[in-house]
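Heads up, this note's numbering is the position in the sequence shown plus 2, with the first residue counted as 1.
Read the structure below first, then the notes.
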Amino acid sequence: MQVTIQCRPRCKRLLARLLLLVPLIALPACESLGYYKQAVVGHLSLLHQARPIEQLLSKPQLADSELANKLGLVQQLRAFARDELGLPVGRAYSRYVELERDYVVWNVFASEEFSVQPKRWCFPIAGCVAYRGYFSLAQAQKKAAALKREGFDTHVGGAAAYSTLGWTADPVLSTFVQRDEVTLASLLFHELSHRLVYVKGDTEFNESLASTIETYGLERWLAQRSDTEDVQALRQQLVQRQQKKAIQRAFTDAVAKTREALGELYQRPLNDTDKRIGKLIILDSLRKRVHVIAHATAWASAYQKWAVDLNNAKLAPVALYTRWQNALGWQLAQKLEYAGCTQLPEKLERDRLRCRQGLEQFFEAARQLARLGEQARLERLQEWDLLRASAS
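What follows is the structure, encoded as structure tokens:
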């Protein structure tokens, strides 16, 4: 679909800022120019369609609708993230965009045939990341097909949200706003956390940190909501989330073990035919394991669908969000305990300042990690993980 945007002075300033995100410097080919163009035009299109939530909520036709309730909840979550969690909210998620699709972007992942490591692409602001994002499914599939012709394993996955790391005011999207309160809170806290600390080229650290802050933020949010009329519904949502998390942990562990087995296979002095046979056997074992993990659960269909056409690229993104979450979660718990934050609902108001201090200390520890070199940061996280394991 061709998008034409009438650019007023404010829009032109925004376009200049977006171009700073993707400067056309030393690009290797015209294909790269096309990629940057679709990224800028796609994001500008979202911002052009965005409408202030306050303005939408003032419309009589929206009163008491499900959308109005969700947008009102977003306003509460933004205030909580800013005032209680200390996240740099700014103008993020203060506007709304209605999209006529299930995902806002589609990410392309690729790995060599005999490697578990994802192919990485490097960008000026985000650094090197293990995917390429497209605002069009057709364009994402076209890129995946081109990579497949080059001999790569490929995977295309849809995303309901993304973050510009504070460079622009990311809007609320219809692709995620209708989720239940627990899931919506988790998503917003996660995406806002990327505006706090972000390390170029270290996707595992960035996502694990955001997931850690997301988990803590959700616990605090639910604690202060414990006396509301919706408490029973929230508890049910939380139970479902915990069940889903348990399945996700088992799933992630199975994928991690599979990647380890594949990595060992690829290092063995075998010919390509034998490696392909071994690869098929290992991936088939994972497929069967995933079916067992998700059997008779509400998410069985989704996991079974994921387990079709397994390859190296499909496994790559699974570990990105969780690799260092245990280590970072342990460090956060240490900071909170030292500050005297009990996190008990009945002591919520008394411990409010203490918990905020502990959280700020954790943020500073995360900033210090971000300032380290890649190897030093890896060693520090491994050290925290060992301390966590020895203390448990």
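Ideal Cβ positions, reconstructed from N, Cα and C, are used throughout, including at glycine.
Everything numeric in this text was worked out from a predicted model, so none of it was measured.
F154, enclosing beta strand (DSSP E) - first and last residue
As a working mapping, residue 154 is identified with position 152 in the sequence shown. Unbroken beta strand (DSSP E) run through F154: F154 to A161.
Please state whether DSSP places W438 in a helix, a strand or coil.
Here the chain covers residues 3 to 394 and nothing more, so residue 438 does not appear.
Straight-line gap, R10 to A81 (C-alpha atoms, nearest Å)
Start at 1 with the first residue of the sequence shown, and residue 10 comes out as number 8. Start at 1 with the first residue of the sequence shown, and residue 81 comes out as number 79. Residue placement at R10 cannot be trusted, given a pLDDT of 49 that sits under 50; what the coordinates show is reported in the next sentence. Distance between the alpha carbons of R10 and A81 is about 30 angstroms.
Any contact between the stretch 213 to 229 and the stretch 185 to 196? By contact I mean 3 or more CB pairs, one from each, below 8 angstroms.
Taking 8 angstroms as the limit for Cβ pairs, the verdict is that the stretch 185 to 196 does touch the stretch 213 to 229.
Beta-carbon spacing of T156, A112 below 9 angstroms:
Residue 156 sits at position 154 when you count from the first residue of the sequence shown. Residue 112 sits at position 110 when you count from the first residue of the sequence shown. Yes, they are a contact pair.
Cβ neighbours of G74 in the same chain (closer than 8 angstroms, five flanking residues each side left out)
The count along the sequence shown starts at 1 and reaches residue 74 at position 72. Result list for G74: L59, in chain order.
Please work out which residues of its chain come closer than 8 angstroms, Cβ to Cβ, to P30, disregarding the five sequence neighbours upstream and downstream, and give them in chain order.
By 1-based counting over the sequence shown, the position of residue 30 is 28. The pLDDT assigned to P30 is 39, lower than 50, so where the model puts this residue is not dependable; a value taken from the coordinates is nonetheless given after this. Excluding residues up to 5 positions away in sequence, nothing lies with its Cβ nearer than 8 angstroms to the Cβ of P30 in the same chain.
Apart from the five residues just before and just after L224, which ones in its own chain have a Cβ nearer than 7 angstroms to its Cβ?
Position 222 of the sequence shown, counted from the first residue, corresponds to residue 224. L236 and L240.
Is DSSP giving N109 helix, strand or coil here?
In the sequence shown, the residue the question calls residue 109 occupies position 107. In the displayed model, N109 falls within a strand according to three-state DSSP.
Is the stretch 156 to 167 in contact with the stretch 306 to 319, if contact means three or more CB pairs nearer than 8 angstroms?
Contact between the stretch 156 to 167 and the stretch 306 to 319 is present, because at least three Cβ pairs lie under 8 angstroms.
When DSSP labels each residue in this structure, what does V131 get in the three-state scheme?
As a first step, residue 131 must be located in the sequence shown, where it is residue number 129. Strand at V131.
Excluding the 5 residues preceding and the 5 following A146 in the sequence, name in chain order all residues of the same chain whose CB lies nearer than 8 angstroms to its CB.
By one-based count along the sequence shown, residue 146 stands at place 144. Closer than 8 angstroms at Cβ, skipping near neighbours: V110, A112, T156, H157 and V158.
Roughly how many whole angstroms lie between the Cα atoms of W108 and I284?
Here residue 108 is taken as the residue at index 106 of the sequence shown, counted from 1. Here residue 284 is taken as the residue at index 282 of the sequence shown, counted from 1. Looking at the two C-alpha atoms, the distance is approximately 27 angstroms.
Once DSSP output is grouped into helix, strand and coil, what is the label at V76?
Against the sequence shown, residue 76 aligns to sequence position 74. In the three-state DSSP reduction, V76 falls in the helix class (H, G or I).
Would A300 and Q226 qualify as a contact pair, given that the criterion is a beta-carbon distance under 9 angstroms?
Translated into the one-based positions of the sequence shown, residue 300 becomes position 298. Translated into the one-based positions of the sequence shown, residue 226 becomes position 224. No, these two residues do not count as a Cβ contact at 9 angstroms.
Given that a residue counts as buried once 16 or more other Cβ atoms are within 10 Å of its Cβ, and exposed if not, what is A65?
One-based indexing of the sequence shown puts residue 65 at position 63. Classification of A65: exposed, given that the 10 Å Cβ count is below 16.
Within the same chain, show all residues whose beta-carbon is closer than 6 angstroms to that of L264, passing over the 5 residues directly before and after it, in chain order.
In the sequence shown, residue 264 corresponds to position 262, counting from 1. Closer than 6 angstroms at the Cβ level, and outside the excluded window around L264, lie V118 and I284.
Would T205 be called buried (16 or more neighbouring beta carbons within 10 Å of its own) or exposed?
Counted from its first residue, the sequence shown places residue 205 at position 203. Buried, because 16 or more other Cβ atoms sit within 10 Å of the Cβ of T205.
Can you find at least 3 beta carbon pairs, one from the stretch 91 to 105 and one from the stretch 175 to 194, that sit closer than 8 angstroms?
Between the stretch 91 to 105 and the stretch 175 to 194, the count of C-beta pairs closer than 8 angstroms reaches three or more; the two stretches touch.
CB-CB under 8 angstroms to Q40, same chain, minus the five flanking residues each way: which ones, in chain order?
Here residue 40 corresponds to residue number 38 of the sequence shown, with the count starting at 1. Correct list, in chain order: Y136, F137, S138 and Q141.
Between Q306 and A296, what straight-line distance do the alpha-carbon atoms span, to the nearest angstrom?
For the purposes of this step, residue 306 is taken as residue 304 along the sequence shown, with counting starting at 1. For the purposes of this step, residue 296 is taken as residue 294 along the sequence shown, with counting starting at 1. Straight-line Cα distance between these residues: approximately 8 angstroms.
Taking the alpha helix (DSSP H) that V292 falls in, what are its first and last residues?
On the sequence shown, position 290 is the one that residue 292 refers to. If you look at V292, you'll find it in the alpha helix (DSSP H) that goes D274 to A296.
Going by CA-CA distance only, name the one from R390, F365 and Q359 that's closest to W332.
Counting from one through the sequence shown, the residue named residue 332 turns up at place 330. W332 has its Cα closest to that of R390, out of R390, F365 and Q359.
Beta carbon of L186, beta carbon of K72: below 9 angstroms?
Reading the sequence shown from its first residue, position 184 is the one you call residue 186. Reading the sequence shown from its first residue, position 70 is the one you call residue 72. Their beta carbons are under 9 angstroms apart, which means L186 touches K72 by this criterion.
Whole-number beta carbon distance between G88 and E362, since they are thought to touch under 8 angstroms:
Your numbering for residue 362 matches position 360 in the sequence shown. Your numbering for residue 88 matches position 86 in the sequence shown. Approximately 6 angstroms separates the beta-carbon atoms of E362 and G88; this is inside 8 angstroms, confirming the contact.
Please confirm whether L383 and W326 have their CB atoms less than 9 angstroms apart.
Stepping through the sequence shown from its first residue, residue 383 is reached at position 381. Stepping through the sequence shown from its first residue, residue 326 is reached at position 324. Cβ atoms of L383 and W326: closer than 9 angstroms.
Can you say whether K337 is buried or exposed, counting buried as having 16 or more other CB atoms within 10 angstroms of its CB?
For this step, residue 337 is matched to residue 335 along the sequence shown. Under the 10 Å beta carbon count, K337 is surrounded by 16 or more other beta carbons and is classified as buried.
Alpha carbon to alpha carbon, how far is R151 from D274?
Taking the first residue of the sequence shown as position 1, residue 151 is located at position 149. Taking the first residue of the sequence shown as position 1, residue 274 is located at position 272. Within the model, the alpha-carbon separation for R151 versus D274 is close to 18 angstroms.
Which word fits Y37, buried or exposed, when buried means at least 16 other C-beta atoms lie within 10 angstroms of its C-beta?
Within the sequence shown, numbered from 1, the residue matching residue 37 stands at position 35. Here Y37 is buried, its C-beta having at least 16 other C-beta atoms within 10 Å.
For P120, count the other beta carbons within 10 Å of its own beta carbon; 16 or more makes it buried, fewer makes it exposed. Which is it?
Locating residue 120 in the sequence shown gives position 118, where the first residue counts as 1. By the neighbour-count rule (16 or more Cβ atoms within 10 Å), P120 is buried.
How many whole angstroms separate the CB atoms of H293 and A304, which I take to be in contact at a CB cut-off of 8 angstroms?
Indexing the sequence shown from 1 puts residue 293 at position 291. Indexing the sequence shown from 1 puts residue 304 at position 302. Cβ-Cβ separation between H293 and A304: approximately 12 angstroms, too far for a contact (criterion under 8 angstroms).
Closest to D387 by CA distance: which of A329, E209, P271 and D104 is it?
Counting from one through the sequence shown, the residue named residue 387 turns up at place 385. Nearest of A329, E209, P271 and D104 to D387, Cα basis: A329.
Bounding residues of the alpha helix (DSSP H) (the contiguous stretch that carries Y323)
Position 321 of the sequence shown, counted from the start, is the residue given in the question as residue 323. Bounds of any alpha helix (DSSP H) do not take in Y323, whose DSSP letter is neither H nor E.
Inter-residue Cα distance where the pair is F253 and P54
On the sequence shown, position 251 is the one that residue 253 refers to. On the sequence shown, position 52 is the one that residue 54 refers to. Computed Cα separation, rounded: 39 angstroms.
Cβ neighbour criterion (16 or more within 10 Å) applied to V174:
Within the sequence shown, numbered from 1, the residue matching residue 174 stands at position 172. Answer is buried; the Cβ neighbour count reaches 16.
Y323 beta carbon less than 9 angstroms from that of E209:
Residue 209 sits at position 207 when you count from the first residue of the sequence shown. Residue 323 sits at position 321 when you count from the first residue of the sequence shown. Contact flag set, yes.
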